[in-house]
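The numbers in numbering that gives the first Met the number 0 rise by one with no breaks, and the one at position 233 of the sequence shown is 232.
Everything on this sheet refers to the single structure shown next.
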Amino acid sequence: MPDAPRTPLVAANWKMNKTRAEARAFLDSFLPQAAELVGTDVAICPPFTALEAAIERCGGTPVVVAAQNAHHEASGAFTGEVSPTMLVELGAWGAIAGHSERRQLFGETDAALALKVPALLDAGLVPILCVGETEEERDAGRTEEVLRRQVEADLDGVEPARLAEVVIAYEPVWAIGTGRNATAAQAVDAIGFIRSLVSGRDRAAAEAVRILYGGSVKAGNAAELLGGEGIDGALVGGASLDPEEFVEICRAARQ
Ligand code: PGA
Numbered sequence: 000m001p002d003a004p005r006t007p008l009v010a011a012n013w014k015m016n017k018t019r020a021e022a023r024a025f026l027d028s029f030l031p032q033a034a035e036l037v038g039t040d041v042a043i044c045p046p047f048t049a050l051e052a053a054i055e056r057c058g059g060t061p062v063v064v065a066a067q068n069a070h071h072e073a074s075g076a077f078t079g080e081v082s083p084t085m086l087v088e089l090g091a092w093g094a095i096a097g098h099s100e101r102r103q104l105f106g107e108t109d110a111a112l113a114l115k116v117p118a119l120l121d122a123g124l125v126p127i128l129c130v131g132e133t134e135e136e137r138d139a140g141r142t143e144e145v146l147r148r149q150v151e152a153d154l155d156g157v158e159p160a161r162l163a164e165v166v167i168a169y170e171p172v173w174a175i176g177t178g179r180n181a182t183a184a185q186a187v188d189a190i191g192f193i194r195s196l197v198s199g200r201d202r203a204a205a206e207a208v209r210i211l212y213g214g215s216v217k218a219g220n221a222a223e224l225l226g227g228e229g230i231d232g233a234l235v236g237g238a239s240l241d242p243e244e245f246v247e248i249c250r251a252a253r254q
């Protein structure tokens, strides 16, 4: 499939890190350097409590802010949850959905994601849908089976015409927070497979949809990983907490 001109996206997943003051300090250092990143989209995903501070700081810059999760309902008796409508009111651009930590530690299921992903789109948010196999699944030769199950189920409620608005992140669970990134070849293969699954739903969407790699991306390996064919950017955890390192990763996406 010829590579359509897709704008690379580098997203910082801060997980449960950074107070509001720390988020502001990061952005005060990062944003002046981000001005040079023309041609690369950059998203910051702080915890809920720092969203508003980050959105304020990023106002008037090209950097966008996304949440790390959201519920699929607009309101209701869901203690501890935050709705897409609430995120839109703050000025959020999107939300991560189905991160492996939410799947593994908080019991998020494909059935929940099948509701969440279309709910985010309907609210006007960009879903960053995370999929990926565990080490055990890879060793058992089940990577494609797992990716197929997740991609098909999680995007089931999205109409073909809107598939290209979703961002998909291929995040092998064994590479997250382990310092052991996938090789560029492994990432290219898995991302190509995910694109073929989207193509099964809609060919044009498959050419337009952005598919990122995530899992131990650092300044030192970003150029190699982001240079892989069909890899449209990165979802970065640990290495996104430091503004200097994160800007280097964003620069690598531009090349
Ligand atoms: P990591 O996390 O970069 O720290 O491996 C990536 C992620 O969880 O999105």
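Glycine included, each C-beta is placed from N, C-alpha and C at the ideal position.
query, result
"Could you name the residues that DSSP lists as bridge partners for Cys44?", "Asn12"
"In or out: Ala33 buried (at least 16 other Cβ within 10 Å) or exposed?", "buried"
"Would you say the beta carbon of Gly237 is closer than 6 Å to some non-hydrogen atom of the ligand PGA?", "yes"
"Report the start-end ranges of each alpha helix (DSSP H) in the segment 32-114 that is 4 residues or longer and not cut off at the edges.", "47-57, 83-89, 99-105"
"Tell me which same chain residues have a C-beta within less than 6 Å of the C-beta of Met0, skipping the five on either side of it?", "Residue placement at Met0 cannot be trusted, given a pLDDT of 44 that sits under 50; the coordinates are not used to answer."
"Shorter than 6 Å, the distance from the beta carbon of Leu36 to the closest heavy atom of the ligand PGA, or not?", "no"
"Inspect the beta-carbon positions of Val62 and Cys249 and report whether they are closer than 7 Å.", "no"
"Less than 7 Å between the beta carbons of Ala69 and Pro83, yes or no?", "yes"
"Leaving out five residues on either side along the sequence, give the residues of the same chain with a beta carbon under 7 Å from the beta carbon of Ala24.", "none"
"Would you say Asn68 touches the ligand PGA, meaning its beta carbon is less than 6 Å from a heavy atom?", "no"
"Can you confirm whether the segment 69-80 touches the segment 131-149 when touching is taken to mean that 3 or more C-beta pairs between the two stretches lie within less than 8 Å?", "no"
"Suppose contacts are defined by Cβ-Cβ distances below 7 Å. Is Ile167 in contact with Gly214 by that definition?", "no"
"Cβ of Leu211 within 6 Å of any heavy atom in the ligand PGA?", "no"
"Using only the alpha-carbon positions, how far apart do Glu151 and Glu132 sit?", "14 Å"
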